[in-house]
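Residue numbers (my numbering), protein chains in the order written: chain A, 1 to 415; chain B, 1001 to 1393.
Even glycine gets a Cβ: it sits at the ideal position worked out from N, Cα and C.
To start, the structure under review is shown below, and the notes come after it.
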Amino acid sequence: MAAKAEIAGQAAKTPTDIEHEELISGSEAIAHAVSLADVDVITAYPIRPYDTVMQYVAKMIANGDFDCEFIVAESEHSQFEIVKHASAVGARVFCGSSGVGWMYAFEALTVTPALRIPMVAMVGNRALDDPGAFGVEHNDALAVRDLGWMLIWVDNAQEALDTALIAYRVAENRKVFLPCAICTDGAFLTHSQYSVKVPSKAQVDRFLPPYKRDDLLLHPDNPITIAPQVNEDWVMEIRKQNDEAMKRAKGVIAEAYREFKEVFGRDYTNSMFIEEYMTDDAEIVLLGMGTISMPARVTVRKLREQGKKIGFVRLKWLRPFPTEELRKSLARFKAVGVIDRDYSFGSPSDGGVVFNEVRAALYPLAKRPLMSGFIAGLGGREVTIENITQMVEMLEKSVQIGKAEPETHWIGVRE
Amino acid sequence: MSTISIEVVYRGIFQKSLAKNICRGIVLAARKENKVGTAFGRYGDSPERNGVPAKNFAVVSDTAEELEASLAKYEPNEVDVSIAVDDTLCKGVESWAWYGLQPINKLLKPNGTLLVTANRTPEDLLKHIHKKEYPYNLAIVKGMASFSGLWVYKDDHTDVRILGALLKICPGLVSFKSLEQAILEEWKNELKVTSARKSYESVSVRKVQPTEGSDEVPFEFEKPGWKEMKEGVAIPGIPLGKEYHSEATGQTGGYKPAVNPYYKKYSARTMRPVVLFDKCIKCTLCWLHCPDSCFDVTPDGHYDVRLESCTGCSICADVCPVDGCITMVNEAFFDDNASEYEAWKKDKTTYVASVTEKIKNPQATLRSHGYRHRGQYQEEIAQEKEASHGSKG
C-alpha cells in the first residue's frame, strides 16, 4: 500500500473521465475491469477463491449493468476451451480458476498460448490438493510458467483492476497475442474489501483498442485452418515464434504502463516489472510475489527503526521474466532472500521456484549477492513479522560468515 | 496515528449479510473522513455452515502505511470492539476442528468493548462470558439475534443500530455525521439514520472487572509437528465406541459412540434438546436420525444427548413421536454441558422440575436464533402487520 502508484497531474480530464470509488474485493475489482473492457465471452466454473469473480460478473449481468455471453461450463477444461475458440473467432474473453481447477484445465492451458490466443485469466491462487485446502499457494499458476502464458502477481485490489486492463492491452497486441494470467492471492486479495478507484468507461475506451485478430481470425471470409497435426519438420519453428512473441511482450508491457499513466493518472512506470521498497541504501533485501509484500514492508519499516539497512523487492511479472531489471537491482546488495509461497520438490538446492529462477538470472554477474531461499506461507499460512525478521537474521548471519548455508529454509513449519 | 480494529462474530450463513453490512458500514463511514480501511470475512469460516460461529472484520487506519500491518492476515491480533450479533455466542466460539473453544472476548484489548445484541441483562450474559485478566466494557444493543439481510428476511435495521452504538462506545472511530452520510449513500434510507441515532443515544455500557465472568477453562489443542503426523495425508480413524457407564446408577451397558475429540461442535448451538425421560418410549428414532451420532444409549435403553457433540439442529425433537418428550430450549438457560440422563437418574424430581420450568417459559422455547419451525416467518410477518395496523387504528 505504501509504495503504491501515485496520482499524477489532473491534466486533460473531461467530465466522462471521472472515476468513482468503491469498497470492493480484489475479485470484484477484476470483475469491474472485465465489465469496463466490455468482454464478449466469459466462462465460469466454480472453485474457491476464483468463483468470487464469476459471482460478481453474474451479478452485474443480472443487474443489467453488463452484457456478455456468460457460459457456465461443465468443467474447468471446457471453460478454457470455450473461451479459446471464442477468442479465435474474434471475441474478447475472460476466464479463470484456482488450484486443482486450473490443473484440470491443463490441456486447454497448453494449447491456448500455442495458438496465440490473447485470453486474460485470473488465477485465485490456492493450494493444490491434497489435502483439500483453500489457502494461497502459488504452485497452481506456476505450473504454466514454461508454456507461453504471461504471469503477473498483484498485491492489492486497485492494482488488480488496473492490471486486468493492462493485460488486455498487452495480450491483444498483435506483436504479442499470448494469454495473460493475473495471479491473486486467495483470501488476502480475493476476499478482502478495499477502497478502489473504478475508472470511467470513456477512459477505458481510450486506453483499450478493439481486439482485432486480422489474418488469424477464424472466419469464412478469411479461410484458415488452425491447430493442424504436424511432424518434426514444423514444431521447432512454431516454438521459436512463441519465444519471440514473449520477448516482444516486455516492450509492449512497458508501453502499456506509460499509456496507462497518461489515461488514468496512476503511475506504475517506476515499478513495471519489479517494485522496490526502501532499497536505496539497503544491504539486505527480501524478494517475494503477491501479498507477502504487506508483512514484508511492515517488517522492513520496523527493522529500519532499529537502524538495519533492509529493503524489499516485489516481483510482479514472472513471465516475461525481468532478467535485466533484476540483475540491475539485486547486484547492489550483500544478500538477497527470496520468499517462495510455493515448493519445487527435488529442485536445485531444494529451493522454491522463484528462488531458483532469480538465482539463475544473477549467475552471469561478476559481483553476485549471497542468496538464500525461504519457503513460507504454504497453504495460506500467514507469514508474520516474526517470520520475516527471522529471515533477515538468517541473511545477516550469511553476510557475517560470507556464505549462505543452508541455501533453503522452511519458515513457520511446525517441527 | 491510530488504527481501530473491530470484529463481528455471527452465526454462519444466517447472519452473513448482516455481519458484512456492519463491517462495510464502518469502512465506508471512515472513508468520509479520509481514513483508509478494509473489510473482510475470516476466510477459514467459508464455506459457512448453518449456525457455526464465523467472523467478519473491519480495520480502519489514519494512513495506508498503518493499515498495512493489518493486511494479508486472517484476523487481527487484537480488537478494540468485539460485536456478537447473537447472544448465545457469549459461550465462546469453535469454528473448526482443532480451533478449541475461543472465548467471545478473546481478541479484546484492555478497556475494549464487547457489544452484544440481546434481550438479556449484562449480568445474565456474564454468566457465560469467560473471565478476562483485565477490565473491559460490555455494551448491549437490545434485540433478538437478527437475520436481517438473509434472503427474504426483512431489514430490521440491526446493522445501523450496531453502527450507531459503535460510535458511542468508540468515539474515535468517526463522527455521527460521517456515519449518516455513509448510511444514506449505501442504503439510501433516512429511517436507517434515525435508527442509528436512537441506538447511539440509548446504548447501555457497563464496566466488567477481571473478577466477573465464567470460570470455565476453554478447551484447546496443541497441533502436532510434521514429524509426528502420519504421511500421505492420512489421519487416524476415530476408535469404536464403548459401553456406557452411568455415574448415577453405577450400571454399565448400552453404547457410547466415539466422537471426534478435536471438534466438540456445541458452540454452533443456539437451542438444545431437553429430554423428559419419563415420556420416552425408546423408539430409537432420535438416535437413528441424529446427523452427529450424539445420542448415547444408556444401560437401561434410554437415549441421552452428548451435549459436547450436539449442534442443536432439532432433528431429534422433530422426529420424536411423543408429544413433549424432546423440547428445544434456548442455550442461554443452561450453564454447562452435563448429561441430562445422569441428572435425571440422580434426582428425578429436581430434574423434571427444572426442565418443566424451562419448557413452560415461552422465552426459552421461542425459536428465535438458528432454527424455526416451518411457516414461522410468515406467522411473524402477519403478526407484525396486525400489530402495526392495530396501533394505527
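Going by DSSP, what residue range makes up the beta strand (DSSP E) through residue i?
i: K375 of chain A; result: This sequence places Ile at residue 375 of chain A; Lys is not what is there. Its beta strand (DSSP E) spans residues L370 to A376.
i: S87 of chain A; result: Here S87 of chain A belongs to no beta strand (DSSP E); instead the alpha helix (DSSP H) covers E76 to A88.
i: I411 of chain A; result: T408 to I411
i: E22 of chain A; result: H20 to S25
i: V123 of chain A; result: V120 to N125
i: A1054 of chain B; result: P1053 to S1061
i: F207 of chain A; result: Unbroken run through F207 of chain A is the alpha helix (DSSP H), K201 to F207; no beta strand (DSSP E).
i: K1142 of chain B; result: Y1136 to K1142
Out of the options, which one is the CA nearest neighbour of residue i?
i: K1016 of chain B; options: B:F1040, B:K1035 and B:N1260; result: B:F1040
i: F1277 of chain B; options: B:P1236, B:A1258 and B:I1326; result: B:I1326
i: I1281 of chain B; options: B:S1314, B:C1320, B:G1250 and B:C1313; result: B:C1320
i: S1204 of chain B; options: B:H1289, B:E1094, B:D1304 and B:G1143; result: B:G1143
i: V111 of chain A; options: A:P179, A:N139, A:I339 and A:A331; result: A:P179
i: Y257 of chain A; options: A:I24, A:E324, A:M289 and A:I166; result: A:I166
i: M119 of chain A; options: A:L151, A:G135, A:Y56 and A:E405; result: A:L151
i: A1317 of chain B; options: B:V1297, B:R1197, B:M1271 and B:S1309; result: B:M1271
i: A33 of chain A; options: A:M391, A:S97 and A:M60; result: A:M60
i: G380 of chain A; options: A:H85, A:T52 and A:H191; result: A:H191
i: S329 of chain A; options: A:R48, A:L287, A:R126 and A:K250; result: A:L287
i: E159 of chain A; options: A:F94, A:Y268 and A:V93; result: A:Y268
i: K1223 of chain B; options: B:G1037, B:Y1262 and B:F1014; result: B:Y1262
i: A361 of chain A; options: A:T323, A:I385, A:E386 and A:M391; result: A:T323
i: F94 of chain A; options: A:K309, A:A164, A:A114 and A:I411; result: A:A164
i: A91 of chain A; options: A:P113, A:L217, A:G186 and A:P199; result: A:L217
Give every residue of the same chain whose Cβ lies closer than 8 Å to the Cβ of residue i, excluding the five residues on either side of it in the sequence, and list them in chain order.
i: N222 of chain A; result: D215
i: C1170 of chain B; result: I1004, I1006, D1080, V1081 and T1113
i: V230 of chain A; result: I238
i: Q1376 of chain B; result: R1367
i: G1172 of chain B; result: S1002 and I1004
Could you pull out every residue in the same chain whose Cβ sits closer than 7 Å to the Cβ of residue i, ignoring the five residues on either side in sequence?
i: V1355 of chain B; result: V1274 and L1276
i: N139 of chain A; result: L128, D342 and Y343
i: W1344 of chain B; result: F1277 and Y1351
i: L82 of chain A; result: The amino acid at residue 82 of chain A is misidentified as Leu; the sequence shows Ile. Counting only Cβ-Cβ distances below 7 Å, and skipping sequence neighbours, we find T43, I71 and A73.
i: S1339 of chain B; result: D1304
i: A2 of chain A; result: Bear in mind that a pLDDT of 40 at A2 of chain A, under 50, signals an unreliable position, so the number given afterwards is only what the model happens to contain. Cβ neighbours of A2 of chain A beyond the five flanking positions: R297.
i: K1358 of chain B; result: V1274, V1329, F1333 and A1364
i: L1089 of chain B; result: V1009, P1053 and I1104
i: K367 of chain A; result: A331
Can you find the residues in the same chain that come closer than 6 Å, C-beta to C-beta, to residue i, ignoring five residues on each side of it along the sequence?
i: R314 of chain A; result: E275 and S293
i: I1140 of chain B; result: V1116, A1118 and S1204
i: H1289 of chain B; result: I1315 and V1319
i: A245 of chain A; result: V176 and L178
i: F1219 of chain B; result: G1100 and L1101
i: Y194 of chain A; result: A157
i: V354 of chain A; result: V338 and D340
i: E417 of chain A; result: Residue coverage of chain A in this structure runs from 1 to 415, which leaves residue 417 of chain A outside it and unanswerable.
i: L1138 of chain B; result: L1114, P1122, R1206 and V1208
Which two residues bound the contiguous alpha helix (DSSP H) that contains residue i?
i: E244 of chain A; result: V235 to F264
i: S398 of chain A; result: I385 to I401
Using a 10 Å radius around the Cβ and a threshold of 16 neighbouring Cβ atoms, would you call residue i buried or exposed?
i: Y1134 of chain B; result: exposed
i: H1128 of chain B; result: buried
i: S1388 of chain B; result: exposed
i: R1306 of chain B; result: buried
i: N1021 of chain B; result: buried
i: S1246 of chain B; result: buried
i: H1130 of chain B; result: buried
i: Q400 of chain A; result: exposed
i: Y1200 of chain B; result: buried
i: Q306 of chain A; result: exposed
i: P348 of chain A; result: exposed
i: D233 of chain A; result: exposed
- Message: Please list, in chain order, the residues of the stretch 1064-1096 of chain B that have any C-beta partner in chain A closer than 8 Å.
- Response: A1064, E1065, L1067, E1068, A1069, L1071, A1072, K1073 and Y1074
Using a Cβ cut-off of 9 Å, which residues of the stretch 288-300 of chain A contact any Cβ in chain B, in chain order?
G290, T291, I292, S293, M294, P295, R297 and V298
Could you run through the stretch 1147-1176 of chain B and flag, in chain order, every residue whose CB is less than 7 Å away from some CB of chain A?
For the stretch 1147-1176 of chain B, which is checked against every Cβ of chain A, not one residue is closer than 7 Å.
Compile a chain-ordered list of the residues in the stretch 186-199 of chain A whose CB is closer than 7 Å to at least one CB of chain B. A187, F188, H191, S192, Q193, Y194 and S195
Point to revise | Short-range partners of chain B found in the stretch 259-288 of chain A, where Cβ spacing is below 8 Å | key: Of all residues in the stretch 259-288 of chain A, none has a C-beta nearer than 8 Å to a C-beta of chain B.
Could you list the residues in the stretch 124-137 of chain A with a C-beta less than 8 Å from some C-beta on chain B, going in chain order? D130, P131, F134 and G135
Of all the residues that make up the stretch 1206-1231 of chain B, which are near chain A by a beta-carbon distance shorter than 8 Å? Hits within the stretch, in order: K1223, P1224, G1225, W1226 and K1227.
### Task
Give the residues from the stretch 1013-1034 of chain B that approach chain A closer than 7 Å (Cβ to any Cβ), ordered along the chain.
R1024, V1027, L1028 and R1031
Interface residues of the stretch 16-31 of chain A facing chain B [CB-CB below 9 Å]
E21, L23 and S25
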